[in-house]
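Count along the sequence shown from 1, then add 101; that gives the number in this note's numbering.
The beta carbon of each residue, even a glycine, is placed where N, CA and C say it ideally should be.
Report on the following structure.
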Amino acid sequence: MTRILLADPDPRSQQDIASLLAERGYSLDAAPDLASALEPVREGAVDLILADLSLPGGGGMELLHEVQSSNPDTSVVLLSAFGSVQDAVKAMRNGAADFLGKPFAPDQVLLAVDRALEKTALQRENQQLKSALDDRLRLDNVIGTDLRMQAIFKTVQAVADTRTTVLVTGESGTGKTLLARALHQLSDRRAGPFVEVNCGALPESLLESELFGHVKGAFTGAVRDKVGKFEAAAGGTIFLDEIGTSSHAFQVKLLRVLQDRLIERVGATDTVPVDVRIVLATNKDLERAVHAGEFREDLYYRINVVSVEMPPLRERRADVQALAEHFLQRFRAEHSRAARRFTDSAIAALMRAPWPGNVRQLENVVERAVVLSQGDEITQADLPAALCNGALADSDSPAPEAAPKGPPLPLKQALRAPEKRIIEQALTWCSGNRERAAELLGINRSTLFHKLKKLGIR
Ligand SMILES: Nc1ncnc2c1ncn2[C@@H]1O[C@H](COP(=O)(O)OP(=O)(O)OP(=O)(O)O)[C@@H](O)[C@H]1O
Ligand SMILES: [Mg+2]
């Protein structure tokens with residue numbers, strides 16, 4: 102049901118508008134002053150507000166302001182008996198849907214109400230589209246707005262419901278395990294098990310029986326039959342981590358499973374079919390391992406059907422802020438801290454750090470900062486000194502410039518080069534995303550566009 106609120110102290114106006122809107126089937130709530138108008142607004146229980154410019158306790162403009170910040174998709178029509186053109190212009194500029202001078206003709210009111218409701222509906226639809234878009238920027242709880250991450254999400258979504266083997270490569274801490282879990286969650290196997298095996302951590306002899314199981318008496322110590330991880334993962338996903346370090350003998354067995362989907366328990370004479378999706382991960386360069394003769398070429402081609410390379414964090418600095426904020430929200434709840442946001446300089450320091458440990462390192466730094474934080478802001482002092490020092494001393498920082506000889510250049514001209522450098526740096530940090538770059542630089546988007554053009558930055 103459409104909920105319309107009239108904030109107007111004049112009982113006659115209340116009556117007139119109520120009867121007009123009743124004809125249209127709209128119900129109207131009336132509020133005689135600002136305070137009583139704000140209540141339903143804060144509860145989000147209003148679709149449209151008609152507000153007089155002169156309200157006791159404040160004014161229509163103040164109400165408009167409040168609505169804009171708390172419920173931006175609610176439209177406001179301002180009314181006034183003494184309205185001037187300037188008032189009307191100001192109202193529209195501040196985001197009012199319409200402005201009506203009193204006394205008004207019934208048609209005028211109805212037209213304004215219809216239009217404003219249409220605007221409300223459009224704004225809500227936009228909002229929904231936008232949040233649907235935001236969902237696409239995330240994959241399960243993997244965060245990444247960087248273009249390379251977006252491409253990865255697309256691939257993962259495309260293959261999720263198939264049984265295709267997926268290989269995830271990337272440096273340690275870039276999110277390989279997280280992505281493998283997300284792939285399982287997105288797939289139609291999500292109700293089945295997700296079984297993780299760290300192939301690098303097990304000695305060769307154990308690995309085989311761990312993965313494929315064994316029969317009683319297969320070797321000393323095999324006192325009863327054991328089901329392997331492959332069988333345990335039936336109907337779900339098996340995630341084989343650190344496959345880059347496995348032995349040749351193991352690679353041969355793995356190749357067999359991939360080819361025939363058959364496993365052989367250690368010591369058994371028969372084979373068992375398994376229905377599993379296989380996801381593999383490694384932080385080694387497998388291609389190089391193949392060239393070096395450490396990894397079987399035939400296996401490499403088998404597992405490299407769909408491969409995803411997680412970029413290191415230093416190559417997607419635009420994600421640092423989103424990740425840091427995601428971790429902040431998580432750890433503030435976990436450690437019951439008041440910290441809600443980072444100061445600008447703290448974010449800048451995070452964005453500049455080299456992150457050799459990738460997202461895992463950032464996660465640890467944020468957790469530590471949340472624990473150390475005193476108030477509701479995380480400052481640079483809450484970050485490890487080494488991180489800030491290392492970051493600030495990196496090669497991006499401008500060297501202190503020697504005092505130029507001769508007469509100085511006109512200021513505007515002299516500032517061109519450093520301005521260009523700073524803007525380019527911001528664009529690099531934000532992977533070319535101009536909106537974020539503008540935010541980082543503290544200027545609005547149109548100013549940034551203007552400067553890009555002026556300074557010849559593409
Ligand atoms: N894109 C991301 N969004 C949110 N959290 C992330 C993201 N990438 C990584 N993380 C978090 O960072 C930590 C490290 O990620 P993960 O364990 O998946 O890395 P990895 O590449 O598997 O590392 P390793 O090679 O050491 O196994 C985890 O706590 C994970 O939840
Ligand atoms: Mg991992």
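Contacting residues, own chain, Cβ-Cβ under 8 Å from Pro413 (five flanking each side not counted):
Gly271, Glu272, Thr275, Trp456 and Asn459
At the level of alpha carbons, what is the spacing between Leu355 and Phe331?
11 Å
Which residue marks the beginning of the beta strand (DSSP E) containing Asp342, and which one marks its end?
Thr338 to Asp342
Please tell me whether Ala419 and Arg537 are closer than 8 Å, where the distance is taken between their beta carbons.
yes
So the beta strand (DSSP E) Leu268 belongs to, where does it begin and stop?
Val267 to Thr270
Relative to ligand 2, what is the chain-ordered list of residues with a Cβ closer than 7 Å to any of its non-hydrogen atoms?
Lys277, Thr278, Asp342 and Ala382
With DSSP collapsed to three states, give me the class of Val471.
helix
When Val466, Gln475 and Glu410 are compared against Ser437, the one with the closest alpha-carbon:
Gln475
Return the CA-CA distance between Ser496 and Leu307, expressed in angstroms with no decimal places.
Low confidence applies here, because Ser496 scores a pLDDT of 38, under 50, leaving its location unreliable and the question unanswered by this model.
Taking all protein chains shown into account, decide if Gly120 is buried (16 or more other Cβ within 10 angstroms of its Cβ) or exposed.
Inspection of the sequence shows that residue 120 is occupied by Ser rather than by Gly. So Ser120 ends up on the exposed side.
Straight-line gap, Gly245 to Ala423 (C-alpha atoms, nearest Å):
8 Å
Phe254 lies in the beta strand (DSSP E); which residues open and close that run?
Unbroken run through Phe254 is the alpha helix (DSSP H), Leu248 to Val260; no beta strand (DSSP E).
Can you tell me whether Asn299 is helix, strand or coil according to DSSP?
strand
Apart from the five residues on each side of it in sequence, which residues of its chain come closer than 6 Å, Cβ to Cβ, to Lys385?
Gly345
Tell me the rounded alpha-carbon separation between Arg546 and Ala470.
31 Å
For Val466, I'd like the list of residues in its chain whose CB is within less than 7 Å of its CB, leaving aside the five on either flank, ordered along the chain.
Leu484, Pro485 and Leu488
Euclidean distance between Cα positions of Glu309 and Tyr402
22 Å
Restricting to runs no shorter than 3 residues, where is the beta strand (DSSP E) found entirely within the segment 172 to 210?
176 to 181 and 199 to 202
Cutting at 7 Å between CB atoms, please list the residues of its own chain near Thr221, excluding the five before and the five after it.
Asp148, Leu149, Asp174, Thr175 and Ser176
Can you tell me whether DSSP reads Ile105 as helix, strand or coil?
strand
Considering Ser348, what are the terminal residues of the alpha helix (DSSP H) in which it resides?
That residue, Ser348, is in no alpha helix (DSSP H); it is neither H nor E in DSSP.
Is Ser288 near ligand 1, going by C-beta to nearest heavy atom under 7 Å?
no
Buried or exposed (CB count within 10 angstroms, at least 16 for buried), Thr548
exposed
Ala283 - DSSP class collapsed to helix/strand/coil:
helix
Could you have a look at Val436 and say whether DSSP puts it in helix, strand or coil?
This sequence places His at residue 436; Val is not what is there. His436 falls in the coil class under three-state DSSP.
Taking 8 Å as the threshold, find out whether the segment 365 to 373 comes into contact with the segment 390 to 401 through three or more Cβ pairs.
no
Rounded C-alpha distance that separates Arg431 from Glu468:
9 Å
Range of the contiguous beta strand (DSSP E) that encloses Asp148
That residue, Asp148, is in no beta strand (DSSP E); it is neither H nor E in DSSP.
For the beta strand (DSSP E) containing Val409, name the first residue and the last one.
Val407 to Glu410
Please classify His349 as buried or exposed, where buried requires at least 16 neighbouring CB atoms within 10 angstroms.
exposed
Between the alpha carbons of Arg290 and Thr266, how many angstroms are there, rounded?
14 Å
My assumption, with CB atoms under 8 Å, is that Asp188 sits in contact with Leu156. Please give the rounded CB distance.
At roughly 14 Å, the Cβ-Cβ gap does not stay under 8 Å, so Asp188 and Leu156 are not in contact.
Using the Cα positions of Lys555 and Gly159, report the straight-line distance between them to the nearest angstrom.
44 Å
Top-ranked residue by Cα proximity to Val358, from Ile379, Glu343 and His166
Ile379
Please return the same chain residues whose Cβ sits closer than 6 Å to the Cβ of Pro501, not counting the five positions on each side in sequence.
Interpretation of Pro501 is limited by its pLDDT of 41, a score under 50 that renders its predicted location unreliable; the figure taken from the coordinates is listed afterwards. Cβ neighbours of Pro501 beyond the five flanking positions: none.
Helix or strand or just coil, what does DSSP make of Ala369?
coil
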